[in-house]
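These notes are about the structure you will find just below.
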Amino acid sequence: MLPERHPIFKVNSIQTSSSKRFVCHSEPHLETVVVEGGTIKRCLPHEAEYRFTEFSPLNNYSQVVLNSSGTLLCLHNDAELQILALKQDSDDCKPDEYRIPVPNGIKQVLWHPRARLDSCVVVLTQNDEICTFELLAEDYSQPTAVLNKQSSNRRNDLAISDVAALCFSSDGLTLYLLNTSEGGDLYAFYPFLPSDAALPKKTIQGCFHKALLQYQNLTADDAPEIKRRATRQLQFASQLHTTLKNSEHGSANPNDRITIQVSKAFRNAAIQGPYTINPFPENLYLATAQQLKVLALDDDASDLVLIAFDNGTILQCFPDLEPMMSWEDPECCYNNSLATIGSLNVPGTISLVFGSLFVILTPQKAILVDLSRIVNAINQSLKDCDVAELSEANLREEIVEQKGNFTSSSVWASGTHVMLLSDSSSSSVKTPLLQIKPEKSPGPSKERAEYERSSYDQPLPELIALNDKVQKLMKTPLPIQIDSKLRQTKLDAAANEDQLAVLTDISRELLTRVMVAQTLGLSLHSRLIGQQGELTSHIEKVCEINTKRQEISEALGFEEKRWKAVQAKNETIKTRFESLQKKLMQVSNSDEVRLQPVRRSELFWFKELKGQVSRFNQLVHTQRDLGETLSALKTELEYVKVDQFSGGDSSESNSEVNWEELRALLEKDAKIIGECQTELHKAAGELN
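Structure, rendered in structure tokens:
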């Protein structure tokens, strides 16, 4: 089945008017989440049905962001956040929600990838402040940290204005900022952590090793600011490493996360930048940056930074130097550098970054750009510590286009397809290469079920919600109010136009309600057809079972007779064995048998048997000696042949061998062995 034919991508039947559809996915199991109006649909790629949830949506929400674990869904408009807690394997109950007002307005919302339980929201406000809201805090509606304040105690020129976009690095420790005041400058907060962080073990170890190495590489010529930053960075990394050492028990998986409480002093990071970009293309000096995305590399510590400009250019940059953590206002830039790897001209908006590909949406088409060649070359260069791979490899990107006006995109089925959604349709694009493998998800049981229930296009909770909506509309009076003057005026009067306008509004409202009722009827009809098919399948299964039951009952009588006969024979054999065992025990325990003297015939038989054994042993030794003699004669014959060929015309008397005597000796031996075998057969017969 094509991905777009999955029931989860069908347009919602509950909505009375068309609304924008959003699709997103979680990272562990690639669970797909579709949000439309006030409904949420969720399913895993292997599931034929989806789970349905209804909620009261935020007014005019413009964007939907799902955290990496798929447990929290954030909707936002220009001034408020609505966060929904998605319950696993739950359909009929509404999700818990958090409402967070943002008075300064909202530009962009991100989930912090290193927050405990993925419960920290990072908000870029309209006045360019960066606020973190932690749902695990005592008062989640108040930000636990506000960075880049325009009016702060610090020097005012260090506050960055005109921030267009935010993006986290692949390790989740750095927050990049894209500033458009000078066309497109990149800044960063490093480190950028919530108060309640969860860091992987390998991230803590890498952070500690890097801090220790940068501290050991300090020289006397370094500026005091650099020395202070390196010292404080090592202090922070040492605290993380100590926490890791104290909690090391159980699993040794480097991806396991360690919960760390980060103090406010280490959360108030200073902004770094602007980053230098070398070389910077000349055609971008007059362009303005619009978007900022990060493409993670294999080591989960290095990034490929994507900067999109308004002229359609997407710049691909690699951080060629390791920056240093900073908590003080920097007086100089230190290792804030990007190296340009390449660029491409694809106008549009970057909607999705996944693995080594990203998706660009335009009003006419969707463009899938695969950077596998570049990513693999960089990964190999980092692994080999040699940039020769970058100069020799083919670094051209692969581009796939899909026509249509799509508004949202996501991945499907382990990254093999990219789903593209518009307000009324859906489509899929097969990715050039398999991007990543999801974590093992709880798939179907390997044990074969007695009967597998049929799947339906709409789950039962969605039908119940649609029915409740119809019942509510039937009981609700029309919201249109008619002026008392119009009620008393005839239709052919001068106020005819006003009356017709009111009737048009009434007709439109009634038509909407009729459409909702017809949608319910059509959904129930489809459900009944599906249930009828399932009932037919059940009846066929029952008939098949009854037929087999009759066949089994007919064959059961014959099989029971055979079984009884086998049991009777078994009992007889068992009785005979028990009787024989009893007799043998009596014989072995009888003193009469043990004290009975050996008979003369038995004594003669044993004596004859002993003689035959001795004779057989003597014949065996004789045969062995004859075999050795024959082997020696063969060897001597070979030597004679060699001497004959080497000596030319020598005397024939030297090569003559008397073979008649040897043949007679062998015939005599064969006769003796035959007699021995005959005697042995006779002795065996007497024993039996």
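Anchor point for the sequence shown: position 568 equals 568 in UniProt numbering, and the numbering is continuous, going up by one each time.
In this text, a Cβ means the ideal position worked out from N, Cα and C, and glycines have one as well.
Practice item. May I ask you to verify whether the stretch 102–110 touches the stretch 121–131, counting CB pairs closer than 8 Å and requiring at least 3? Key: yes
Check your understanding: Within this structure, are the beta carbons of A301 and A198 separated by less than 8 Å?
Key -> no
Review point. How close, in whole Å, do the beta carbons of V102 and V64 come, if the pair is a contact with beta carbons under 8 Å?
Key: Not confirmed; about 16 Å, so no contact.
Exercise for review: Starting from the Cα of I130, find the closest Cα among N570, S161, L117, T203 and give me that residue.
Suggested key: S161
Practice item. Give the secondary structure of E80 by DSSP, where H, G and I count as helix, E and B as strand, and everything else as coil. Key: strand
**Study point:** N- and C-terminal bounds of the beta strand (DSSP E) containing K365
**Key:** 365–370
Review point. By Cβ distance, which residues of its chain are closer than 7 Å to G206, with the 5 residues on each side in sequence left out?
Key: A301
Point to revise | Spatial distance of Q142 from S119 (CA atoms) | key: 14 Å
Review point. Hey, would you say A287 sits closer than 8 Å to F266, going by beta carbons?
Key: no
Exercise for review: Report, in whole angstroms, the separation of the C-beta atoms of L178 and A289, which I expect to be a contact under 8 Å.
Suggested key: 5 Å
Practice item. Give a yes or no on whether the C-beta atoms belonging to V411 and L30 are separated by under 8 Å. Key: yes
Exercise for review: Would you mind reading off the limits of the alpha helix (DSSP H) that contains C207?
Suggested key: 201–216
Point to revise | DSSP three-state assignment for Y190, whether helix, strand or coil | key: coil
Practice item. May I have the straight-line CA-CA distance separating K607 from N589, to the nearest angstrom? Key: 28 Å
Practice item. Can you tell me which of K671, V429, Q532, V516 puts its alpha carbon nearest to the alpha carbon of V418? Key: V429
Practice item. Decide if I573 is buried, meaning its Cβ has at least 16 other Cβ atoms within 10 Å, or exposed. Key: exposed
Check your understanding: Who does E182 pair with in a DSSP beta bridge?
Key -> E182 pairs with nothing; no bridge assigned.
**Study point:** Whole beta strand (DSSP E) elements within the stretch 283–344, 3-residue minimum
**Key:** 289–296, 303–309, 313–318
Practice item. Would you kindly check if the distance between the Cβ of P254 and the Cβ of K202 is under 8 Å? Key: yes
Review point. Would a C-beta distance cut-off of 8 Å place N345 and T313 closer than the cut-off?
Key: yes
**Study point:** Own chain partners of H241 with C-beta closer than 7 Å, once the 5 adjacent residues on each side are dropped
**Key:** I204, F208
Practice item. Inspect the CB distances between the stretch 478–490 and the stretch 542–555 and report whether three or more fall short of 8 Å. Key: no
Review point. Smallest Cα separation from E49: which of P7, E225, T416, L73?
Key: P7
Check your understanding: Helix, strand or coil: how does DSSP classify R154 here?
Key -> Unreliable placement is indicated for R154, whose pLDDT of 48 sits below 50; the coordinate value is still reported in the next sentence. The answer is coil: DSSP assigns R154 none of H, G, I, E or B.
Review point. Under a three-way DSSP split, which group does C24 fall into?
Key: strand
Check your understanding: How should S394 be labelled, buried or exposed, when 16 other C-beta atoms within 10 angstroms of its C-beta is the threshold for buried?
Key -> One detail in the question is off: residue 394 reads as Asn in this sequence, not Ser. Exposed: under 16 other Cβ atoms inside 10 Å.
Exercise for review: Starting from D171, follow the alpha helix (DSSP H) in both directions and report where the run begins and ends.
Suggested key: Where D171 is concerned, there is no enclosing alpha helix (DSSP H), given that its DSSP letter is neither H nor E.
Check your understanding: How would you call H76, buried or exposed, if buried means at least 16 neighbouring beta carbons within 10 angstroms?
Key -> buried
Check your understanding: With a Cβ-Cβ cutoff of 8 Å, do I100 and Y140 count as a contact?
Key -> yes
Practice item. Quick one: grab the DSSP three-state call for H6. Key: coil
Exercise for review: Flag this pair as yes or no: are the beta carbons of E47 and A465 separated by less than 8 Å?
Suggested key: no
**Study point:** Rounded straight-line distance, which links the Cα of E551 to that of H681
**Key:** 57 Å
Check your understanding: In angstroms, rounded to a whole number, what distance separates the CA positions of Q364 and F406?
Key -> 8 Å
Point to revise | Residues that DSSP places opposite M419 in a beta bridge | key: S410, S428
Practice item. Give the straight-line distance between the Cα atoms of L84 and Y98, rounded to the nearest whole angstrom. Key: 7 Å
Point to revise | Local conformation of P45 per DSSP, three classes | key: coil
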